[in-house]
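First residue of the sequence shown: 48, per the numbering used here; consecutive thereafter.
Beta carbons: idealized from backbone N, C-alpha and C, even for Gly.
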Amino acid sequence: MNTRHTFLFVSLIITLTACSGAKVEEEADASGKDADADATAEDTTAMPASPVVLNEITSDGDDNIELVNTGETEVDISGWYVVDDAYDTATGEPADHRYDFADGTALAPGEYLVLVEADDHQFGLGKEDGVRLFDADDQLLDETAWPDLAAEISWCRTPDGTGDFQECAEATFGEPND
């Protein structure tokens, strides 16, 4: 069921409709002109569909990717995979920009899993890049992209496991982000 609210601000009418797949409708003001043609709305509070999330990333030298299980039960991530921005999910190329979790890989509640470049994954992460987490059915569970970061900066969720990504002064792989 959709919920609809209309607000009148002087001569500007904005209609907001709440529904799955969030949508913003704009109506012209009394003069017939769009009040702000460049206005956009973005849902930045959507949480991943899984308790296992991307949690921390470094991308300059030590290209590490950390996952954490924020849930209360163990999660089997067999067949799940992470990719960087260069990977095309439609073609599966380049194949070396994908890391697949082995059968039997599971994360206990609160457990961290850190993928280290060269040891675990073969693709490097750029200073401006992104990482996506998919389940075994190719469903996107989580993703993030970061700006050009300094070498000593990590890209991490604050608060740990649940917050928005931001630049963090120190990498804390395997431990809570402060």
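Handout entry: Proximity below 8 angstroms, CB of TYR159 to CB of TYR146
Key = no
Practice task
On the DSSP bridge assignment, give the partners of ASP123 in chain order.
Solution key: ALA153
Exercise for the section: Pull up the distance between the alpha-carbon of ASP176 and that of ALA183, whole angstroms please. Expected result: 23 angstroms
Practice task
Answer yes or no: does any C-beta atom of chain C fall closer than 8 angstroms to that of GLU158?
Solution key: Absent from the structure is chain C; it holds one protein chain and no more.
Exercise for the section: Give the single residue among GLU103, LEU180 and GLY126 whose Cα lies nearest to the Cα of ALA218. Expected result: GLU103
Handout entry: Check whether ASN111 and LEU162 have beta carbons under 8 angstroms apart
Key = yes
Handout entry: For ILE104, the first and last residue of its enclosing beta strand (DSSP E)
Key = 99 to 104
Handout entry: Segment limits, beta strand (DSSP E) that includes THR219
Key = Where THR219 is concerned, there is no enclosing beta strand (DSSP E), given that its DSSP letter is neither H nor E.
Problem - Endpoints, the beta strand (DSSP E) within which ILE112 is located - result: 111 to 116
Problem - Beta-bridge pairing of GLY177 - partner residues as DSSP gives them - result: ALA192
Handout entry: Sub-8 angstroms separation of GLY208 and VAL115 beta-carbons
Key = yes
Problem - Through-space distance from GLY108 to TRP202, alpha-carbon basis - result: 14 angstroms
Handout entry: Other residues of its chain near THR152: CB distance less than 7 angstroms, five sequence neighbours each side excluded
Key = ILE124 and SER125
Practice task
Could you say which of ALA96, LEU101 and ALA149 lies nearest to GLY221 if we only look at CA atoms?
Solution key: LEU101
Exercise for the section: Starting from the C-beta of PRO223, find all residues in its chain whose C-beta is less than 7 angstroms away, skip the five residues before and the five after it, and write them out in chain order. Expected result: ASP207
Exercise for the section: Out of ALA192, PHE181 and TRP193, state which residue places its alpha-carbon closest to the alpha-carbon of THR136. Expected result: PHE181
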